[in-house]
Every structure is written in C-alpha cells, then in structure tokens.
Ligand code: NOJ
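Numbering (my numbering), first residue to last: 171 to 902.
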C-alpha cells in the first residue's frame, strides 16, 4: 500500500513538473515558432549587458596568421556572441558551446566564424584564378565542399566571398577576389554565396557567407594595404556596388565592413553605405561584422579620439559586431546609458545577430557532431571538383609554333623554384589546408609521363635572392633535354593581406634563370604561379609557351601536367589585365573614353597591356559568326536577344568562353569603352558549332547608374560586342 501511494505521488510530481516545464519553456526555444517571434521573445528577456555581449567576437584556438595576432582568449564569457574558430576539430568548439548553453542565463549559442576563403582542407585555386574558369557553377560546387568541411569541423560562418573589384595588381589582396570587373565579381560572388549557404543554413553542411570588404577596399591608393581610397559616388555605384547588391539579393546573411577610408569616412564608420544603402535601400536583415580591429583603427584613421568614440561611430553607422577591437564590450553599454547610442538601434543590432543564429539552426543543434577526418575532408568528389577548377583556371598566355602540347619529346628538363613546391601552390588564406595534401607540378608530371617521357630536375635558383650556384646544373639538364619546363612564380606569402608589392615583375633571379636556360637552345615553357597578374614582358620574349597556373590549390599538379601533355585542352581566360609594365597601373579593360584617343600614349612603352582581360589561348581554333540580333530597334520593355555561333575549326575538342560586352558611346554620364554584361562557356567538339546567346535586359545592361544609385536608360545607339564583332542597336 505504502509503495502504491509513493508511486502515485511520484507520477503526480512528474506530471506537474513536466507541465510546469512545458509551461515555462520560453517561446524562443520552440523550434516550431517563426524565427521573428523567437528573436523578439529572446530579445525581450535580455539585459543590456547580455545584449552587448552578443555583439562581440573574440578568438578561440590556435591563430598563426601573423596579421591578426591576438591574445588567446582563454576565459571566454559564456554570453559571447561569436568566436573566430582556429581549430579544425569540433571538440574545443563544443566545450565552449556547452558553457554558453549551460552556464549563460539564456543559453544563447555562440556563432563560430573562420576565414574559409578558397577551401577549408580541400584547398582549391585562389579566387582570382577561379574567375578565369568562367564557370560559376563549378565555383558554387567548390564553395559547397568548403562549407561541408568547415561546418562539420565546427565552423558556422565563413568570412567569404571577397568581392572587391581590384584593378591594381600591386595590392596583395587582388588574389582574394574575382578580378577587375564588377559583373564578374557579382556573378562569382553570387555563386559562392549559393555554394556556402545552399537553401537551408541549418542542414549541418552549410555555412553563413560574408560579403567583404564593404566597400571599395580594392581601390586602395597605389596598391598599398589599409590605406585611403578616393571613390566618387558615381564610381561607387557603377564599379564597387554591383557585386554587393547581387550578393545581398542572393541572400548573403552577413557583410564585413572595410578597413579603407572612403573620401574621408572609413568604411567602418560610414552611415551612407552601411545603413542608408544596405539596411534601408536593400533591406538587408542580417548583420555587419567589422573587419579585425577596424573599429579601433578609426583612431589611427583620424576620425575617433578613443575607443569609446570609435565604438559609437561604428555602431551608429551600422556595424553590428565588433571583431577583435574590444570596443563594444567595453563601451557600448555605457554609450547606451549616456544616450549616445539608442536602445532601439541596440535592439535592432541584437536582433540581426540572433536572426542569423536561428537561421543556422544553432539553438536546435548547438554542437557539432563528432566525425572522423576522413568522413569530412578530401572526399573523392571534393578532390574531383578541386582538380576540375584548377584545370579550368589555367590560362595559356603564349604558344608559339605549337610548342605545347609536348609531342615528340622523350626527355624534359623541369627547372625552377616552384617545380617541387607544395606549400606555395596553396596561396594565402589556406584555412586548414596542408602542404602535404598538394600535388606538386613535378609530381603531376611524373604521374602524367610515367614510362613515356624521362624527367630531369634541377631547381636552378630560389624564388628570390642572388644565389646563382644552381644555374649550371639547370643549364646542363636543359641541354640534354628536348624541352625545358621552367616553374616560376611567387611565394604564397607574397600575396594576400598585408602583402603589397611595388612591381608585378618576378624577382630578377627568376628572369636571369630563364635567360641562362635559353642558352640550351631548347623550347622554353614557362609555368607561372602567382597571386596577382604579372609583368611578363621580358619573360615572354624568352619563352616559347607560357601557362599562368596561379595558385591552384592542392589538386593543381595533375591537370597542369595534363595540359602540358595535351590530354587536357586549356580553356581559362584572364579575369584581370596583365599590364605591359607595372607603370601602366591602373590599367583595366572597362576604362572611360579618352578625350584624345590618338594621343596621350606613353612615350617609352606601348599603351596597351601585354594580355587583356578575357585573353586566353586554346589548342584548338574557334571561328565566330557575326552577331545576330532579334531586333535592331527596340523600345523600353522590349525583349532583345543577341546570338553568335562558334565553330571549333581545329583538331581538338575544346571549351570556349564567349564574353558579351556592351558599349554606350554617348550618354549623359560618360560610359566605359565596353562593359561585360554576360558570359557563357560551352564545350565544343572538333568540327562542331554551338550557339551562344545573350538576353539583353535593356535597363540593366544598356542603362547607367548615377551617383544616387538610380538607373537610367537613354534613347540612342548602343553596341553589343563579342571579340572583334560588333552590332548596333537603337533604343527609342
Ligand atoms: C582581416 C581581413 O581583412 C579579413 O579579410 C579577414 O576576414 C579578417 N581579418 C579575419 O581574419
């Protein structure tokens, strides 16, 4: 009997407890509720201090990026909003997350971010190279691989893509974006956002994207990093905004504010850009994170006297999260109490951060499930994508007398500092990439030519310095071979952040090595690996063929060797102009028209670049038809379709990229000599003809944008251009 009573009491207690618990489960913890309701509910429960903590980002784990050294954060507050996560193992994340979930009053999960720029462990080519593939679908797939590897390792958010239009190769960060053209940056930016975020951020294999560096960082004076930029409002809208507008429309949930001072107001304190455009005009409902230290740097930029004023300026301008400044955690609450920051703005900022956390599903799945490295890294399908992207990024710059592919040769000398380097092929921002994962050029050649061609190797010289003691050995190898492959280029750390260079030339020793090898009288094939466009004017004269291989990531060796052997037909085309000389910078294809086209040339060098935007050779030949238009006279609202056919007239199957440009010769605001508006890549078998088409959006493609961001379409003549073909359209 006693037993029975105890049991009844126990079940009554349990029922009441469950009922009470159910009743008390706060709405924000109920996954069935709409996100906005959950955000509002959670916000209503937060104290001022808890709100402020959500707006800070510290670091966690090992950080070996010399530019971003910070004190290790050992004692992470349970209420912290976000952490940059340097470890590749979810354990540490999960420990800190446990603290946040269990030790903080409201159990708000931490958001873990990281620089996953061109791959996480499966490192694929740098972004500048990716754009040379003109294959956004492939880039999307590569970003999906990066997202899967990162998310399964404890990273929820990547600080990528960088979509800063960059026209100065001296700027080290030119490697991180998609080149000199606004449209190209927009298309590849969108592709990467789609790859990273997919349709459902909470599916465990996706990460939040971050468009950076908002905005105009690529315009840094003379290619020096972190410096002033002078950007007129019209240029801002015309050149720098389009990739961001496209990225926001594609659903990127975050943006990063830029380091650069824009006409006197740094990107990180710029209300017009961060609030008026992004939040009010584009209705972005995610958040903006500052770049590392960008808020406190408002002091060195001369617009804030101390960290408190810097916090106030950045926050009021529209930067919601403080990345490693210790400005918001120390001063924001005080600024609110003093009325210098409104509570309304604070609430809005917190809501933006929480919204992203809810979308990522962090409240339901705060912990990263344990998995073995081999379950998440370097999967066969991931490597295939990396290899394909490396292949399609290679640009053949020169091929005199069909020096390539290598046929009828039995012995090849492989020379140069890049030949056996795996480290430098990965470029900057390699995330968790490992040099030992990379297939070197030499290893690729060994795989490709096994038992067919004998390979001789001599390094010749280092990347820089003056030691020519290896030249003799290299020349001997070249003399006894049928052809010489010279692997030159830049060390990985010569590009990326804080890696500006005064010249695009390779160090003299590398040019001297080629001059020496030339003495052997054998065909000289140059493989050029770099994180920027190069000045190749002298090297070009010394070579028979040149392949720009960029920094191809871990899977470059085999496809590069495949191009040399002729197994693969190169199809990459430049996403950035290669100047004739560094002194031509800034030089880019979509420049404005000159007042005197017959004059104003350089007196000492040609005024044209060595290799223009869109340039790239193939082993086959393509013949273009004239451009056909669906109408030659159109009015607003009409549909206009342009078409060309391209015939593969050579002896090898090959992919061709058709770039569609427009030109508006007379306009209220002068327009560039031509502007890319569409591109398409298709595989064309030998003898086959393919049709390429461009559906012109009259307002978007023919129209122009003014300094207020308004788009106009004027009546008059316009041109559609493809290669050397052009056709006129009249808009009524
Ligand atoms: C500084 C860089 O400018 C930015 O691109 C990067 O995402 C952050 N540091 C975080 O590492």
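Ideal Cβ placement from N, Cα and C applies to all residues, glycine included.
Inset, instruction - Please find out if some non-hydrogen atom of the ligand NOJ comes closer than 7 Å to the beta-carbon of residue 119. - result: Not covered by the structure: residue 119. The range shown for the chain is 171 to 902.
Inset, instruction - Whole angstroms is fine: what's the gap from residue 242's alpha carbon to residue 283's? - result: Residue confidence for residue 242 is low, a pLDDT of 46 falling below 50, so the modelled location carries little weight; the figure read from the coordinates is stated next. When rounded, the distance between both Cα atoms is 16 Å.
Legend entry - Secondary structure of residue 764, DSSP reduced to three states: Coil at residue 764, not helix or strand.
Legend entry - Closest by C-alpha distance to residue 402, when choosing among 513, 876 and 697: If we check each option's Cα against that of residue 402, 876 comes out closest.
Inset, instruction - Within the same chain, show all residues whose beta-carbon is closer than 6 Å to that of residue 834, passing over the 5 residues directly before and after it, in chain order. - result: Shown here for residue 834: same chain residues with a beta carbon closer than 6 Å to its own, the five before and five after excluded, namely 841 and 888 in chain order.
Legend entry - residue 848, buried or exposed, once every other Cβ within 10 Å from all chains shown has been counted against 16: In summary, residue 848 is buried, with 16 or more beta-carbon neighbours lying within 10 Å of its beta-carbon over all protein chains present.
Legend entry - In DSSP terms, what residue 382 is bridged to: Under DSSP, residue 382 takes part in a beta bridge, and its partners are 332.
Legend entry - Euclidean distance between Cα positions of residue 590 and residue 812: CA-CA distance, residue 590 to residue 812, rounds to 47 Å.
Inset, instruction - Give a yes or no on whether the C-beta atoms belonging to residue 363 and residue 417 are separated by under 8 Å. - result: Their beta carbons are under 8 Å apart, which means residue 363 touches residue 417 by this criterion.
Inset, instruction - Determine, using beta carbons only, whether residue 509 and residue 445 come nearer to each other than 8 Å. - result: Not in contact: residue 509 and residue 445 (Cβ atoms no closer than 8 Å).
Inset, instruction - Taking the CB atoms as reference points, tell me whether residue 430 and residue 399 lie closer together than 8 Å. - result: Taking 8 Å as the Cβ cut-off, residue 430 and residue 399 qualify as a contacting pair.
Legend entry - Backbone CA spacing between residue 747 and residue 306 [nearest angstrom]: The alpha-carbon atoms of residue 747 and residue 306 are separated by roughly 20 Å.
Inset, instruction - Please indicate yes or no: does the CB of residue 383 lie closer than 7 Å to some heavy atom of the ligand NOJ? - result: When distances are taken from the beta-carbon of residue 383 to the heavy atoms of the ligand NOJ, the shortest one is below 7 Å.
Inset, instruction - Please specify which runs of the beta strand (DSSP E), each continuous and at least 3 residues long, are wholly inside the region 789 to 813, giving them in chain order. - result: Counting only runs of 3 or more, we get 792 to 794.
Inset, instruction - Quick one: residues in its chain with C-beta nearer than 7 Å to the C-beta of residue 513, no 5 flanking neighbours on either side, listed in chain order? - result: These residues qualify, in order along the chain: 506.
Inset, instruction - Using only the heavy atoms of the ligand NOJ, determine whether one of them is closer than 7 Å to the beta carbon of residue 792. - result: No, the ligand NOJ has no heavy atom inside 7 Å of this Cβ.
Inset, instruction - Have a look at residue 819 and residue 530 and give me their C-alpha separation to the nearest angstrom. - result: The alpha-carbon atoms of residue 819 and residue 530 are separated by roughly 50 Å.
Legend entry - Outcome for residue 760 when other beta-carbon atoms lying within 10 angstroms are tallied against a minimum of 16: By the neighbour-count rule (16 or more Cβ atoms within 10 Å), residue 760 is buried.
Inset, instruction - Inspect the CB distances between the region 335 to 354 and the region 293 to 305 and report whether three or more fall short of 8 Å. - result: The region 335 to 354 is in contact with the region 293 to 305.
Inset, instruction - With hydrogens ignored, establish whether the beta-carbon of residue 341 is closer than 7 Å to any heavy atom of the ligand NOJ. - result: Remark: the shortest separation between the CB of residue 341 and any heavy atom of the ligand NOJ does not fall under 7 Å.
Inset, instruction - Give the DSSP-derived three-state secondary structure of residue 339 in the structure shown. - result: Here residue 339 carries a coil assignment [DSSP, helix/strand/coil].
Inset, instruction - Return the chain-ordered list of same chain residues with a C-beta closer than 7 Å to the C-beta of residue 552, the five sequence neighbours on each side being excluded. - result: Around residue 552: 292 and 315.
Legend entry - C-alpha distance - residue 914 paired with residue 496, whole-angstrom precision: The first residue shown for the chain is 171 and the last is 902, placing residue 914 beyond what the model contains.
Legend entry - Helix, strand or coil at residue 518 [DSSP, three-state]: Helix at residue 518.
Inset, instruction - Mind checking which residues open and close the alpha helix (DSSP H) that includes residue 483? - result: Residue 483 -> alpha helix (DSSP H) spans 477 to 487.
Legend entry - Three-state secondary structure assigned by DSSP to residue 573: Reduced to three states, the DSSP call for residue 573 is coil.
Inset, instruction - Closer than 6 Å by C-beta to residue 640: which residues in its own chain qualify, once you throw out the five before and the five after it? Chain order, please. - result: The answer, listed in chain order, is 629, 630 and 631.
Inset, instruction - Would you identify the three-state DSSP class for residue 593, choosing helix, strand or coil? - result: Coil.
Legend entry - Touch test, the region 591 to 598 against the region 321 to 338, Cβ-Cβ under 8 Å, three pairs minimum: No, the region 591 to 598 does not touch the region 321 to 338.
Inset, instruction - With hydrogens ignored, establish whether the beta-carbon of residue 903 is closer than 7 Å to any heavy atom of the ligand NOJ. - result: Absent from the structure is residue 903, since the part of the chain shown begins at 171 and ends at 902.
Inset, instruction - Kindly indicate which three-state DSSP category residue 204 falls into: helix, strand or coil? - result: The answer is coil: DSSP assigns residue 204 none of H, G, I, E or B.
Legend entry - Exposed unless 16 or more other CB atoms sit within 10 angstroms - verdict on residue 541: It counts as exposed.
Inset, instruction - Let me know the secondary structure DSSP gives residue 192 once reduced to three states. - result: Bear in mind that a pLDDT of 49 at residue 192, under 50, signals an unreliable position, so the model cannot answer this.
Inset, instruction - May I have the straight-line CA-CA distance separating residue 870 from residue 881, to the nearest angstrom? - result: Cα-Cα distance, rounded: 8 Å.
Inset, instruction - Just grab the DSSP bridge partners of residue 825 for me. - result: 853, per the DSSP bridge assignment.
Inset, instruction - Kindly examine the ligand NOJ and report whether one of its heavy atoms sits closer than 7 Å to the Cβ of residue 117. - result: Absent from the model: residue 117. The displayed extent of the chain is 171 to 902, so no value can be given.
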